[in-house]
Amino acid sequence: DWTTGNVIDEQVAAIREQVGDKRAICGLSGGVDSAVAAALVQKAIGSQLTCVYVDHGLMRKGETEQVEKDFVAATGVQLKVVDAEERFLKALAGVSDPEEKRKIIGREFIRVFEQAQAEIIADEGPAVEFLVQGTLYPDVVESGGGTGTANIKSHHNVGGLPEDLEFQLIEPLRKLFKDEVRMVGQELGLPEEIVQRQPFPGPGLGIRIVGEVTKERLDLLREADAIAREELTAAGLDRDIWQCPVVLLADVRSVGVQGDGRTYGHPIVLRPVSSEDAMTADWSRLPYDVLAKISTRITNEVRDVNRVVLDVTSKPPGTIEWE
Ligand code: XMP
203 DWTTGNVIDE QVAAIREQVG DKRAICGLSG GVDSAVAAAL VQKAIGSQLT
253 CVYVDHGLMR KGETEQVEKD FVAATGVQLK VVDAEERFLK ALAGVSDPEE
303 KRKIIGREFI RVFEQAQAEI IADEGPAVEF LVQGTLYPDV VESGGGTGTA
353 NIKSHHNVGG LPEDLEFQLI EPLRKLFKDE VRMVGQELGL PEEIVQRQPF
403 PGPGLGIRIV GEVTKERLDL LREADAIARE ELTAAGLDRD IWQCPVVLLA
453 DVRSVGVQGD GRTYGHPIVL RPVSSEDAMT ADWSRLPYDV LAKISTRITN
503 EVRDVNRVVL DVTSKPPGTI EWE
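For the sequence shown, position 25 matches number 227 in UniProt numbering, and the numbering has no gaps at all.
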């Protein structure tokens with residue numbers, strides 16, 4: 203019988219057998235897969251697992267706290283948080299090209315993660331021989347079904363691993379589809395915000411600022427994004443949309459009239475899409491009153507934003523993200 207309870211029992215037993223008295227490391231991204239994988243391994247081997255969370259400063263409002271506080275509270279996991287915001291901002295300074303941004307973020311991420319990994323390995327205790335990965339069944343199929351190696355698509359490179367990996371992999375979600383992973387996560391008592399989280403790119407808000415990434419722009423986008431998410435959730439639309447990127451056109455300025463006079467600020471783009479697998483997508487027909495509420499709130503509450511526009515492009519031809 204397929205029940206979440208059986209899946210958990212089976213995996214816990216298998217992980218215990220695989221790891222023995224050695225130690226394991228797991229990178230947390232804030233996403234569903236790594237969180238559920240970590241929770242399963244934690245259940246199996248407890249303090250033999252250490253999780254690493256790299257805070258690159260490109261997360262949305264509240265997401266880092268969700269991992270640091272709620273996830274830890276729910277699982278009791280041993281967590282090492284690396285605050286690397288300054289390092290990432292420095293590396294990204296002056297860069298506007300999307301692929302260049304991705305490369306930099308991916309590279310810095312691996313460096314920071316490896317450093318944390320080395321520190322954990324240097325700690326007293328049994329050898330660290332295992333690395334936990336939130337690989338799902340569709341990833342296994344796509345990559346040819348191999349096991350034991352870090353076979354990760356370049357698209358998912360952020361949070362990924364160096365190629366000269368010498369760890370054995372623990373992949374407790376290899377037989378599961380996304381909806382099953384969410385069910386297992388729920389059964390394990392993970393916070394709803396993590397279990398039901400919509401897809402979010404590894405490079406985070408770094409690829410949602412059209413133009414250079416700066417702390418000021420990130421803060422502004424974080425506010426706008428939080429408002430959009432809050433209103434979509436309040437309207438009960440989270441299950442209807444696949445994801446809704448909120449994009450800051452930092453290199454574009456628009457004229458507005460706010461309060462006492464003319465402003466020269468930036469537009470925010472809403473990109474709500476419906477999709478099955480992100481390969482194709484259609485723009486979501488959101489209710490006008492919800493869009494109006496989001497627009498009013500963003501222009502009222504977010505400094506330097508005087509315009510909200512809606513992206514009505516399907517994929518193809520437009521990708522889901524703007525960069
Ligand atoms: P696009 O923009 O290609 O996005 O239509 C398809 C899906 O992939 C996500 N995405 C990324 N995920 N690293 C990631 O981990 C990335 O660099 C990246 N770029 C896009 C996007 O959010 C959507 O779900």
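The beta-carbon is built from N, C-alpha and C at its ideal position, and this holds for glycine as well.
Residue 245, buried or exposed, once every other Cβ within 10 Å from all chains shown has been counted against 16: What you label residue 245 is simply residue 43 of the sequence shown in a count that begins at 1. Looking at its Cβ environment, which holds 16 or more other Cβ atoms inside 10 Å, residue 245 is buried.
Segment contact flag, the stretch 416 to 427 with the stretch 484 to 493, C-beta cutoff 8 angstroms, min 3 pairs: no
Buried versus exposed, by CB contacts within 10 Å (16 or more), residue 155: Examination of residue 155 is not possible in this model, given that the chain is present from 203 through 525 alone.
Cβ neighbour criterion (16 or more within 10 Å) applied to residue 265: Residue 265 sits at position 63 when you count from the first residue of the sequence shown. It is buried - the Cβ of residue 265 has at least 16 other Cβ atoms within 10 Å.
The ligand XMP heavy atom lying under 8 angstroms from the CB of residue 304: Along the sequence shown, read from residue 1 onward, the residue named residue 304 stands at position 102. It does: the Cβ of residue 304 is within 8 angstroms (strictly closer) of some heavy atom of the ligand XMP.
Start-to-end residues for the beta strand (DSSP E) that takes in residue 229: Numbered from its first residue, the sequence shown carries residue 229 at position 27. Where residue 229 is concerned, the enclosing beta strand (DSSP E) stretches over 225 to 230.
Length of the line joining the Cα atoms of residue 392 and residue 207: For the purposes of this step, residue 392 is taken as the residue at position 190 of the sequence shown. For the purposes of this step, residue 207 is taken as the residue at position 5 of the sequence shown. Roughly 15 angstroms separates the two Cα atoms.
Residue nearest to residue 465 in terms of C-alpha spacing, selected from 439, 504, 430: Here residue 465 refers to the residue found at position 263 when the sequence shown is read from its first residue. The option with the nearest alpha carbon to residue 465 is 504.
Segment contact, 8 angstroms Cβ cut-off, at least three pairs: the stretch 273 to 288 with the stretch 436 to 448: no
Cα-Cα separation between residue 220 and residue 380, rounded to whole angstroms: Within the sequence shown, residue 220 is the residue found at index 18, counting from 1. Within the sequence shown, residue 380 is the residue found at index 178, counting from 1. Going by the C-alpha atoms only, they are around 24 angstroms apart.
Any non-hydrogen atom of the ligand XMP within 8 angstroms of residue 290 CB: As a position in the sequence shown, residue 290 is number 88, starting the count at 1. Outside the cutoff, so no.
Three-state secondary structure (DSSP) of residue 435: Translated into positions along the sequence shown, residue 435 becomes position 233. In the structure shown, residue 435 sits in a helix (DSSP, three-state: H, G or I).
Chain D within 9 angstroms of residue 205, Cβ atoms only: Within the model displayed, chain D is absent; a lone protein chain is all it includes.
Cα-Cα separation between residue 495 and residue 506, rounded to whole angstroms: Counting from 1 along the sequence shown, the entry for residue 495 is found at position 293. Counting from 1 along the sequence shown, the entry for residue 506 is found at position 304. Their backbone Cα atoms lie some 18 angstroms apart in a straight line.
Contact test: residue 519 Cβ vs the ligand XMP heavy atom, cutoff 8 angstroms: Position 317 of the sequence shown, counting from 1, holds the residue named residue 519. Not under cutoff, so the answer is no.
Proximity test, residue 460 beta-carbon vs the ligand XMP heavy atom, cut-off 8 angstroms: Translated into positions along the sequence shown, residue 460 becomes position 258. Residue 460: no, Cβ never under 8 angstroms from the ligand XMP.
Residues that DSSP places opposite residue 464 in a beta bridge: Against the sequence shown, residue 464 aligns to sequence position 262. Partner(s): 459.
Cβ neighbours of residue 300 in the same chain (closer than 8 angstroms, five flanking residues each side left out): Walking along the sequence shown from the start, residue 300 turns up at place 98. Excluding sequence neighbours, residue 300 sits near 409, 525.
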